[in-house]
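I have placed the structure first, in the form of structure tokens, so that the comments after it can refer back to it.
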Amino acid sequence: MATTFLSRRMLIGVLAALGLLAIVVLLSLGIGSDNAIGFAQVLAVLQGAGDDQARMTVLDLRVPRTIIGCFVGVALGSAGALLQSAARNPLAEPGLLGVSAGSATAVVISIALGASLDNLQVWIAIVGALLGCSVALGVARMSGLGDDPIRLVLAGAALSSMLAAVSSVILLTDQRTADEVRFWTIGAIAGRNLSSIRPAIPVLLLGLAVALLLARPLAALALGEKVASGLGQRPKLVRTGVMISVALLVGSATAMAGPIGFVGLVVPIAARAIVGPDIRRALIVAVLLGPSFVLLADVLSRIVARPTETPLGVISALIGAPILVLIVRSQRLPAL
Amino acid sequence: MDRLSMTSTTSASSDLLAPATFNGRPAGLWLLRFGRFSLLLDRRAWLASLLLLLATIVLIGLSLGSGTVKIAPFDALAALFNQGETKTIFIVRDLRLTRVLGGGMAGAALGMAGCLLQTLSRNRLANPDTIGIDNAATAFAVASVVGVSTTLAPSAMALTGAITMLSLTFALSGGAGTRGYRFLITGLGLGAICGAATNLMLARAPIDAANTAFPWTVGSLNNRSGVVVTLLAWGVVVMLPLATIVGKRLNLVRLPDAVAQSLGVRVNRLRFFTIVLAGSLTGLAVAVAGPVGMIGLAAPELGRRLAGPRTVPIIPAALAGACFTMLADLLGRTLFSPTEIPVGIVTALVGGPYLLWFLLRTPRGKQL
Numbered sequence: 002m003a004t005t006f007l008s009r010r011m012l013i014g015v016l017a018a019l020g021l022l023a024i025v026v027l028l029s030l031g032i033g034s035d036n037a038i039g040f041a042q043v044l045a046v047l048q049g050a051g052d053d054q055a056r057m058t059v060l061d062l063r064v065p066r067t068i069i070g071c072f073v074g075v076a077l078g079s080a081g082a083l084l085q086s087a088a089r090n091p092l093a094e095p096g097l098l099g100v101s102a103g104s105a106t107a108v109v110i111s112i113a114l115g116a117s118l119d120n121l122q123v124w125i126a127i128v129g130a131l132l133g134c135s136v137a138l139g140v141a142r143m144s145g146l147g148d149d150p151i152r153l154v155l156a157g158a159a160l161s162s163m164l165a166a167v168s169s170v171i172l173l174t175d176q177r178t179a180d181e182v183r184f185w186t187i188g189a190i191a192g193r194n195l196s197s198i199r200p201a202i203p204v205l206l207l208g209l210a211v212a213l214l215l216a217r218p219l220a221a222l223a224l225g226e227k228v229a230s231g232l233g234q235r236p237k238l239v240r241t242g243v244m245i246s247v248a249l250l251v252g253s254a255t256a257m258a259g260p261i262g263f264v265g266l267v268v269p270i271a272a273r274a275i276v277g278p279d280i281r282r283a284l285i286v287a288v289l290l291g292p293s294f295v296l297l298a299d300v301l302s303r304i305v306a307r308p309t310e311t312p313l314g315v316i317s318a319l320i321g322a323p324i325l326v327l328i329v330r331s332q333r334l335p336a337l
Numbered sequence: 006m007d008r009l010s011m012t013s014t015t016s017a018s019s020d021l022l023a024p025a026t027f028n029g030r031p032a033g034l035w036l037l038r039f040g041r042f043s044l045l046l047d048r049r050a051w052l053a054s055l056l057l058l059l060a061t062i063v064l065i066g067l068s069l070g071s072g073t074v075k076i077a078p079f080d081a082l083a084a085l086f087n088q089g090e091t092k093t094i095f096i097v098r099d100l101r102l103t104r105v106l107g108g109g110m111a112g113a114a115l116g117m118a119g120c121l122l123q124t125l126s127r128n129r130l131a132n133p134d135t136i137g138i139d140n141a142a143t144a145f146a147v148a149s150v151v152g153v154s155t156t157l158a159p160s161a162m163a164l165t166g167a168i169t170m171l172s173l174t175f176a177l178s179g180g181a182g183t184r185g186y187r188f189l190i191t192g193l194g195l196g197a198i199c200g201a202a203t204n205l206m207l208a209r210a211p212i213d214a215a216n217t218a219f220p221w222t223v224g225s226l227n228n229r230s231g232v233v234v235t236l237l238a239w240g241v242v243v244m245l246p247l248a249t250i251v252g253k254r255l256n257l258v259r260l261p262d263a264v265a266q267s268l269g270v271r272v273n274r275l276r277f278f279t280i281v282l283a284g285s286l287t288g289l290a291v292a293v294a295g296p297v298g299m300i301g302l303a304a305p306e307l308g309r310r311l312a313g314p315r316t317v318p319i320i321p322a323a324l325a326g327a328c329f330t331m332l333a334d335l336l337g338r339t340l341f342s343p344t345e346i347p348v349g350i351v352t353a354l355v356g357g358p359y360l361l362w363f364l365l366r367t368p369r370g371k372q373l
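The listed protein sequences correspond, in order, to chains W and U.
Following the numbering used here, the numbering of the first sequence begins with 2 at its first residue and continues without gaps.
Following the numbering used here, the numbering of the second sequence begins with 6 at its first residue and continues without gaps.
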């Protein structure tokens, strides 16, 4: 088992993902929306030197931002890998299926009822994500959509547009909420401080732990439900676990950064391209690749329209949507 | 359309493949003959259309009659034809007609587009909302409102956006291809980009401009210009017969492609026409009303329920769409008067639970 798991391909994949992550973290620390503070100063600050302005920029702005980006990437990447494997569908993605929309709508409702973004309750986002997730996966199973990726995505799109409409109603009638969440609903990791995301971190780690525990049962499930039952797995239990894990991951990511789409689509596909379709390996590589994707998009968001910043959600949609189109354009949807 | 997949296949093929037992006309159909030409009309579909037409007329009367000055529905309808008091005629024809006509026509266009797309992709969830045309039209209209270097009116920009998106989706999805779904998902992806752009503009714009642009992001019939409504009305008038013809051909595409081809349908060409037609209809509707959701999903469903499985219910879907939109607008205007709820929000709020019910109820493995 151990020997097959740690194949050469896996080893190379993990090393490559780690290397990429290191580079991207450096970029994220070193590149800002203007050229005031460069790599040299960042290195100086990290060694404890540097002037006040540089210290402030790096330690109070860029480091928290990078850390939040890492967490969000881990959560969305692994959630995408789990969903794609459980739904046996390469297009299953928290954003496309309406999980993120469910979470975001729940947050918008809570803010309209008097909460504030600064002391956002993580559980609200998680409940919303759980609702979105259960509807999406429930629909997938109930109508036998598992073998038809397109129908699942259409169902998710319909669900998302409905939830977006609910948000719209609230935003239209409630000026205060509208002002507060106008930026948040696009998705951004800029301007958050570490203390406001702290409550979400344990939830995220819990979700990740559940995800890692589920990797083996999911690998068995990939052989088909009957085979999986024969191997001693309980498909229903595994699916429920996936749902809970995805809800925890997406809910905490949404609480941290707002709804960010397409991370869960692109990252698992890249992971599978590197280490093959086995979810046990793909999940681990996806966990490592997720932060790279989010941070890369975040770095791009700082440099595409200097000196202003573009919200992260816009950049990830601009990267992810063409990839979605490419997947669909390929002659045959890759089966899972 | 629940029991459609099996029953219609068998009934259609038995109608077509068993000419030996053919005596005059099949049951449930009317046969019209004009010399050399003949036409089979589905009785149930026509009765359904008639019923929906009645509902449409009633709703037109109600919509024209309701507002600050109450007018009885019948008087309102009479005023439409220049009968009655001058004041009433003025109110009905000059003040309210544009809005009611805009709503009804937009709904009819969305209903037809939904019906065409659902039949083409053999999927009851296919919907003009999801293929990105809405998002593109919204993005362009918002760009016009918040003033990103353009002087065109929002409606004109919405129409431009819809057409741009349609051609782009079509180019990127590699023509009609052999799979309708590729078009749908490509549109979905491009729509996501446009949605992101809309959000970006709204977030960047000054708060006043953002508030002005907001109705364009939810769908509203307030203050729509007469020119665009006239354009939409002409579009619907021209495209209704085309859609009916295409729908008749599409009936055969519900069979497997090979069967349809052997029955003389040029499947790819038909797909192309259907997509262009559905896209243009959606574009016109969105240019008038903004992204009004759920109409393209619910109207064909009602049309199908009423018209039965034998035909592709283009006309019932169009009438049902007009009814839904006018009803939603009527509710939005009167329910919390004087506050007006945009029509798109009413359809979303009413349609949302319906959609959930629809998704959760659909039993295993049923297809259009």
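Yeah, the Cβ is synthetic: ideal placement off N, Cα and C, and Gly gets one too.
What is the DSSP secondary structure of residue i, counted as helix, strand or coil?
| i | result |
| --- | --- |
| ARG38 of chain U | strand |
| SER169 of chain W | helix |
| ASP47 of chain U | strand |
| ASN256 of chain U | helix |
| MET162 of chain U | helix |
| PHE184 of chain W | coil |
| PRO95 of chain W | helix |
| GLY308 of chain U | helix |
| ILE94 of chain U | helix |
| GLY225 of chain W | coil |
| MET299 of chain U | coil |
| SER54 of chain U | helix |
| GLN48 of chain W | coil |
| ASP139 of chain U | helix |
| VAL270 of chain U | coil |
| GLN54 of chain W | helix |
| ALA306 of chain W | coil |
Are there 16 or more other CB atoms within 10 angstroms of the CB of residue i, so buried, or fewer, so exposed?
| i | result |
| --- | --- |
| ALA53 of chain U | buried |
| LEU211 of chain U | Looking at the sequence itself, residue 211 of chain U is Pro, so the reference to Leu does not match. Burial call: exposed. |
| ALA248 of chain U | buried |
| LEU106 of chain U | buried |
| THR61 of chain U | buried |
| THR91 of chain U | exposed |
| ARG309 of chain U | buried |
| ALA111 of chain U | buried |
| ASP134 of chain U | buried |
| LEU47 of chain W | exposed |
| ALA163 of chain U | buried |
How long is the line joining the alpha carbons of residue i and residue j, rounded to whole angstroms?
| i | j | result |
| --- | --- | --- |
| ARG282 of chain W | MET11 of chain W | 7 Å |
| ILE38 of chain W | THR58 of chain W | 8 Å |
| ALA181 of chain U | ILE280 of chain U | Unreliable placement is indicated for ALA181 of chain U, whose pLDDT of 46 sits below 50; no coordinate value is reported for it. |
| ALA221 of chain W | ALA274 of chain W | 20 Å |
| ALA113 of chain U | ARG235 of chain W | 49 Å |
| LEU37 of chain U | ILE250 of chain U | 16 Å |
| ILE346 of chain U | ASP279 of chain W | 50 Å |
| LEU147 of chain U | THR352 of chain U | Here residue 147 of chain U turns out to be Val, not Leu, going by the sequence shown. In a straight line, the C-alpha of VAL147 of chain U is about 21 Å away from that of THR352 of chain U. |
| ARG48 of chain U | ALA290 of chain U | 30 Å |
| LEU125 of chain U | ALA158 of chain W | 18 Å |
| LEU215 of chain W | LEU19 of chain W | 23 Å |
| THR183 of chain U | ASN273 of chain U | Bear in mind that a pLDDT of 48 at THR183 of chain U, under 50, signals an unreliable position, so the model cannot answer this. |
| LEU130 of chain U | THR309 of chain W | 40 Å |
| LEU45 of chain U | GLY192 of chain U | 36 Å |
| PHE39 of chain U | PRO305 of chain U | 31 Å |
| SER317 of chain W | LEU82 of chain U | 52 Å |
| ALA156 of chain W | SER169 of chain W | 20 Å |
| GLY109 of chain U | MET163 of chain W | 22 Å |
Can you give me the Cβ contacts of residue i inside the same chain, cut-off strictly under 8 Å, excluding the 5 residues immediately before and after it?
| i | result |
| --- | --- |
| THR178 of chain W | VAL109, ILE112, ALA113, ILE171, LEU172 |
| ASP180 of chain W | none |
| LEU335 of chain U | LEU64, LEU67, SER68, SER71 |
Within its chain, find whatever has a CB closer than 6 Å to the CB of residue i; leave out the 5 residues flanking it on each side and keep chain order.
| i | result |
| --- | --- |
| ALA130 of chain W | VAL100, GLY103, SER104, ALA248, VAL251, GLY252 |
Report all residues from its chain with a CB closer than 7 Å to the CB of residue i; omit the five preceding and five following residues, and keep chain order.
| i | result |
| --- | --- |
| GLY70 of chain W | SER29, ILE190, PRO292, VAL295, LEU296, ASP299 |
>> Taking contact to mean 3 or more Cβ pairs, one atom from each stretch, closer than 8 Å, check whether the stretch 243–262 of chain U and the stretch 130–143 of chain U are in contact.
In response: no
> So does the stretch 293–313 of chain W actually touch the stretch 69–81 of chain W, counting three or more Cβ pairs closer than 8 Å?
Replying inline: yes
> Pairing CB atoms from the stretch 308–316 of chain U with CB atoms from the stretch 234–248 of chain U, are three or more of them under 8 Å?
Replying inline: no
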